[in-house]
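J.: Numbers 89 to 430, taken from the numbering used here, label the letters of the sequence shown in order.
Input: one structure, supplied below.
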Amino acid sequence: MILARTIVNPDMVVVLSENTLLTKAHITRLTFLNIPVVYIKDEYELSQNYQAVSTIFNRGNAFIKDYDSVVQEARSIFSNVNNTGTIPVQKTEDMVQTRIAPMAANSGAIDYLYELNHLASDIYNHSLRVSILAGVIAKWMHFDREKRKDIMLAGFLHDIGKTKFPQRLLDKNINTLKGEDYEAYIQHTVDGHHILNTEPSLSEGVKLAAMQHHERMDGTGFPFNCMGADIHEYARIIAIADIYDNITTEREGYVKQTPFTAIAYLTENMFTSLDPTVCVPVLTHIKDAFLGSRVTLNNGEKGTIAAYPNDFAAHPVVSISPDEIINLNEHPELTITEYNPK
89 MILARTIVNP DMVVVLSENT LLTKAHITRL TFLNIPVVYI KDEYELSQNY
139 QAVSTIFNRG NAFIKDYDSV VQEARSIFSN VNNTGTIPVQ KTEDMVQTRI
189 APMAANSGAI DYLYELNHLA SDIYNHSLRV SILAGVIAKW MHFDREKRKD
239 IMLAGFLHDI GKTKFPQRLL DKNINTLKGE DYEAYIQHTV DGHHILNTEP
289 SLSEGVKLAA MQHHERMDGT GFPFNCMGAD IHEYARIIAI ADIYDNITTE
339 REGYVKQTPF TAIAYLTENM FTSLDPTVCV PVLTHIKDAF LGSRVTLNNG
389 EKGTIAAYPN DFAAHPVVSI SPDEIINLNE HPELTITEYN PK
């Protein structure tokens, strides 16, 4: 196993450097130091293609290069649906398997998605990001390869009903929609299901994810106010990927927020509107991923994410200096306004 990220202790002293080939002695040392999680390079990062790119670009830029190349495929698929009303299923499935799945398997996918500086709010960009996030979540939930691929397909097609939207609705903040505009927005879930239902090769989960990704466990969602077990598992997963992307993406009418705002939202809603069986593995893994990241608070102070005080804490503990630790759960007036991945 080759280390994918440098490990530092609470004093910011390097324990092991990135690219270290881990030995039994290293693992024994990490266990002794009570370091529970490390990132190791996966097949994507060790591939010849990745290695060739990384000689020119860093790991984040290599991911962005892959994203830029696949987004054009995503755009053409949505254009095809917009023009013909039908989905090029084989082309879409091939894209998910050969282009999106490797990005979702990348150990730094969450960080790299946030680093993208062109997080456009158009349907195909959003759908591509939700597909990658859904793949990351499916990996964290330990699903097999085929199920992960199907969930990524559901993520990519979840908003396909928006291809029937007039542009003026696409550009609006959903929270400002009223009357007929709001009813038209709700309709995209039903339209999406109708479009997908014409394709017999697609699974029921993919079709229901399009219709139910705005449903909520407590019945407060739409279009049919479904509750609990009446919501398909895929839809519950896509709902969380969709929420995370919407919170962390800069869009007209919204302020781009940090992943920590998304974590807080998931934590606060995991036993009401969201499915805890999805939220728990997501929060467990994503909190580990952000340990050691540099952040800026709304009072101007800079620090490092040191820990989350417990499994269900909405906010992290930030180390400002060796002598100053701030538990944001005890200081609601303080928020993280800037996040810099490790």
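By construction, the Cβ of each residue, glycine as well, lies at the ideal position given by its N, Cα and C atoms.
Keep in mind the model is a prediction, meaning the values are calculated, not measured.
When you compare the CB positions of residue 281 and residue 352, do they come within less than 7 Å of one another, or not?
T.: Position 193 of the sequence shown, counted from the start, is the residue given in the question as residue 281. Position 264 of the sequence shown, counted from the start, is the residue given in the question as residue 352. Against a cut-off of 7 Å, the Cβ pair of residue 352 and residue 281 comes out as no contact.
J.: Between residue 427 and residue 383, how many whole angstroms is the CB-CB distance? I'm expecting something under 8 Å.
T.: Mapped onto the sequence shown, residue 427 falls at position 339. Mapped onto the sequence shown, residue 383 falls at position 295. The pair is a contact, with the Cβ atoms about 5 Å apart (cut-off 8 Å).
J.: My output table needs one value for residue 412: the three-state DSSP class, helix, strand or coil.
T.: Along the sequence shown, one-based indexing puts residue 412 at 324. Here residue 412 sits in strand by DSSP.
J.: Relative to the alpha-carbon of residue 275, which residue among 155, 264, 249, 286 has its alpha-carbon at the smallest distance?
T.: Taking the first residue of the sequence shown as 1, we reach residue 275 at position 187. Here the closest residue by C-alpha is 249.
J.: Where does residue 319 fall in DSSP's three states?
T.: Counted from its first residue, the sequence shown places residue 319 at position 231. Coil, per DSSP.
J.: How big is the Cα-Cα spacing for residue 234 and residue 286?
T.: The residue labelled residue 234 in the question sits at position 146 within the sequence shown. The residue labelled residue 286 in the question sits at position 198 within the sequence shown. Each residue's alpha carbon lies about 22 Å from the other.
J.: Suppose only complete runs of 4+ residues qualify. What are the alpha helix (DSSP H) ranges in the segment 217-252, listed by chain order?
T.: As far as the segment 217-252 is concerned, its whole alpha helix (DSSP H) runs of at least 4 residues are 233-245.
J.: Between 294, 213, 125, which lies nearest to residue 165 when the distance is taken from Cα to Cα?
T.: Stepping through the sequence shown from its first residue, residue 165 is reached at position 77. Of the listed residues, the one whose Cα sits closest to residue 165 is 213.
J.: What are the boundary residues of the beta strand (DSSP E) that residue 296 is part of?
T.: If you number the sequence shown from 1, residue 296 lands on position 208. Counting along the chain, residue 296 falls outside any beta strand (DSSP E), though it belongs to the alpha helix (DSSP H) covering 292-300.
J.: Output yes or no for whether 7 Å exceeds the beta carbon distance between residue 225 and residue 370.
T.: As a first step, residue 225 is located in the sequence shown; it is residue number 137 there, counting from the start. As a first step, residue 370 is located in the sequence shown; it is residue number 282 there, counting from the start. It is a contact, given that the beta carbons lie within the stated cut-off.
J.: Contact check, residue 223 vs residue 240 under 8 Å by CB: the rounded distance?
T.: On the sequence shown, residue 223 is found 135 positions in, with the first residue counted as 1. On the sequence shown, residue 240 is found 152 positions in, with the first residue counted as 1. About 4 Å; that satisfies the 8 Å criterion.
J.: Skipping 5 residues on each side, what residues in its chain have a beta carbon closer than 8 Å to that of residue 320?
T.: In the sequence shown, residue 320 corresponds to position 232, counting from 1. So the qualifying residues of the chain are 292, 293, 296, 297, 300.
J.: According to DSSP, simplified to helix, strand and coil, what is residue 282?
T.: Position 194 of the sequence shown, counted from the start, is the residue given in the question as residue 282. Residue 282 falls in the helix class under three-state DSSP.
J.: Could you give the DSSP three-state label for residue 196: helix, strand or coil?
T.: By one-based count along the sequence shown, residue 196 stands at place 108. Collapsing the DSSP output to three states places residue 196 in coil.
J.: With distance defined between alpha-carbon atoms, name the residue in 94, 149, 230, 247 nearest to residue 191.
T.: Looking up residue 191 in the sequence shown gives position 103. Per the Cα distances, 149.
J.: I'd like to know whether the C-beta atoms of residue 278 and residue 324 end up nearer to each other than 7 Å.
T.: Counted from its first residue, the sequence shown places residue 278 at position 190. Counted from its first residue, the sequence shown places residue 324 at position 236. Not a contact, by the Cβ cut-off of 7 Å.
J.: Taking 7 Å as the cut-off, decide whether the C-beta atoms of residue 175 and residue 169 are in contact.
T.: Along the sequence shown, read from residue 1 onward, the residue named residue 175 stands at position 87. Along the sequence shown, read from residue 1 onward, the residue named residue 169 stands at position 81. Against a cut-off of 7 Å, the Cβ pair of residue 169 and residue 175 comes out as a contact.
J.: By Cβ distance below 7 Å, which residues in the same chain neighbour residue 143 in space, the five residues on each side in sequence not counted?
T.: To locate residue 143, count along the sequence shown from 1; it is residue 55. Legend: pLDDT at residue 143 = 46, less than 50; position of this residue unreliable, no value from coordinates given.
J.: If you compare alpha carbons, which of 251, 94, 317 is closest to residue 167?
T.: By one-based count along the sequence shown, residue 167 stands at place 79. If we check each option's Cα against that of residue 167, 251 comes out closest.
J.: Per DSSP, which residues does residue 384 bridge with? Please list them.
T.: Residue 384 sits at position 296 when you count from the first residue of the sequence shown. Note: residue 384 sits in a beta bridge opposite 390, 426.
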